[in-house]
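**Q** Quick one: this structure, given as structure tokens, is what I'll be asking you about.
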Amino acid sequence: MADVNSSEAPSAGLGETTPLLKVELKAHKGIQVKPMKYRDLPQAVKTTDKCMKDEPLTRYISFGDTGRFSRIRGAPGNGYLTRFYLWPVNLLATLDPETVEARFKAAAEKVKVMTRLALGDEVKNMYQIQVLVTDREIRRWGYASALVTTVTDMGDADGHDVWLLTSNAFGFYELLGFTTVGETTVGGDDPTYNQEPVVVRVMSRPARLTKETVCDGENADR
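The numbering of the sequence shown is this note's numbering, which starts it at 8 and goes up by one.
As structure tokens, this is what we get:
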């Protein structure tokens with residue numbers, strides 16, 4: 008599952024049948040990527056929560072949750088990613104201990120500053136891969152690569168660079184043409200955290216000129 012965002016991407020009228028690309032999308036190693044159906048959202052959220060348990064930044068934030076209802080909010084990693092999507096989780100988020108909230112805000116601020124320094128105002132014109140997860144049972148089958156390639160194909164066709172944040176998958180993204188343009192550490196100055204600091208990277212991939220991009224540019228000049 009991949010979640011993609013861009014301030015320049017059109018949002019009005021998007022639905023289950025909206026094409027992902029202006030041009031026909033070729034299958035990636037036999038895998039054809041299609042938009043999710045609305046009925047797929049519960050499973051997508053469940054898979055995301057399960058897969059994010061071991062993500063370093065999520066672990067750093069959620070391991071501070073030792074208060075009441077922590078089991079309802081979920082195991083380490085669960086709940087915090089979906090708190091903005093599911094109203095029951097959002098309601099329980101008001102019960103988060105102060106340590107979790109402090110870590111969340113501190114990490115968010117560091118990442119915000121790093122992204123601004125690395126990408127500047129250009130980030131407003133870029134596509135962002137916000138979330139990418141693959142269920143453990145079907146990893147290394149090419150699904151994640153197909154999803155990322157779909158987004159970069161979108162960027163190439165529309166003339167938009169693509170960027171993302173990652174703490175432990177930079178090697179995977181490098182294989183797909185992304186490079187690290189910014190880096191920061193989280194947790195190193197947190198006296199309540201006794202593990203190694205979490206390294207968070209911002210990575211980007213420039214749009215590549217395609218036949219469709221050239222045609223659009225020529226049409227715009229006429």
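Virtual Cβ for every residue (Gly too), placed ideally from N, Cα, C. Source: prediction; values computed, not measured.
For Q39, which residues of its own chain have a beta-carbon under 6 Å away from its beta-carbon, when the five flanking residues on both sides are left out?
**A** If you number the sequence shown from 1, residue 39 lands on position 32. Correct list: empty, nothing qualifies.
**Q** Label R212 either buried or exposed according to how many other C-beta atoms from any shown protein chain fall within 10 Å of its C-beta, with 16 as the threshold for buried.
**A** Counted from its first residue, the sequence shown places residue 212 at position 205. Buried, because 16 or more other Cβ atoms sit within 10 Å of the Cβ of R212.
**Q** Write down the C-beta distance between G194 and P204 rounded to the nearest angstrom, noting that I regard them as a contact closer than 8 Å.
**A** By 1-based counting over the sequence shown, the position of residue 194 is 187. By 1-based counting over the sequence shown, the position of residue 204 is 197. Sure, about 5 Å apart at Cβ, within 8 Å.
**Q** Counting C-beta neighbours from all protein chains within 10 Å, is the total for T65 16 or more, i.e. buried, or is it exposed?
**A** Position 58 of the sequence shown, counting from 1, holds the residue named residue 65. The residue is buried, with at least 16 neighbouring Cβ atoms inside 10 Å.
**Q** So for A127, helix, strand or coil by DSSP?
**A** As a position in the sequence shown, residue 127 is number 120, starting the count at 1. The question names Ala, yet the displayed sequence has Gly at residue 127. G127: helix per DSSP, three-state reduction.
**Q** What does the alpha-carbon distance come out to for the pair P42 and E116?
**A** Your numbering for residue 42 matches position 35 in the sequence shown. Your numbering for residue 116 matches position 109 in the sequence shown. Using only the alpha carbons, I get a separation of about 32 Å.
**Q** On the premise that K44 lies in contact with A153, defined as a C-beta separation below 8 Å, what is that separation, rounded to the nearest angstrom?
**A** Within the sequence shown, residue 153 is the residue found at index 146, counting from 1. Within the sequence shown, residue 44 is the residue found at index 37, counting from 1. Not really, about 18 Å apart at Cβ, beyond 8 Å.
**Q** Can you tell which of N201, V130 and R147 has the C-alpha that lies nearest to the C-alpha of L172?
**A** Along the sequence shown, read from residue 1 onward, the residue named residue 172 stands at position 165. Among N201, V130 and R147, the Cα nearest to that of L172 is on V130.
**Q** Specify, as a first and last residue, the run of the alpha helix (DSSP H) that Y134 falls within.
**A** Position 127 of the sequence shown, counted from the start, is the residue given in the question as residue 134. Per DSSP, Y134 belongs to no alpha helix (DSSP H); it is in the beta strand (DSSP E), Y134 to L139.
**Q** Specify, as a first and last residue, the run of the beta strand (DSSP E) that R147 falls within.
**A** In the sequence shown, the residue the question calls residue 147 occupies position 140. Unbroken run through R147: none, as it is neither H nor E.
**Q** Is the beta carbon of T192 sitting closer than 8 Å to the one on R208?
**A** Within the sequence shown, numbered from 1, the residue matching residue 192 stands at position 185. Within the sequence shown, numbered from 1, the residue matching residue 208 stands at position 201. No, they are not a contact pair.
**Q** Please work out which residues of its chain come closer than 6 Å, Cβ to Cβ, to T156, disregarding the five sequence neighbours upstream and downstream, and give them in chain order.
**A** Within the sequence shown, numbered from 1, the residue matching residue 156 stands at position 149. The answer, listed in chain order, is H35.
**Q** With 16 as the cutoff for other CB atoms within 10 Å, does G127 come out buried or exposed?
**A** For the purposes of this step, residue 127 is taken as the residue at position 120 of the sequence shown. Residue environment for G127: exposed (fewer than 16 other C-beta atoms within 10 angstroms of its C-beta).
**Q** In this structure, how does DSSP classify M210 when only helix, strand and coil are distinguished?
**A** Here the question's residue 210 lines up with position 203 in the sequence shown. Reduced to three states, the DSSP call for M210 is strand.
**Q** To which residues of the same chain is L124 closer than 8 Å at the C-beta, ignoring the five residues directly before and after it?
**A** Position 117 of the sequence shown, counting from 1, holds the residue named residue 124. So the qualifying residues of the chain are G189.
**Q** What separation, rounded to the nearest whole angstrom, lies between the Cα atoms of I136 and S69?
**A** Along the sequence shown, one-based indexing puts residue 136 at 129. Along the sequence shown, one-based indexing puts residue 69 at 62. When rounded, the distance between both Cα atoms is 22 Å.
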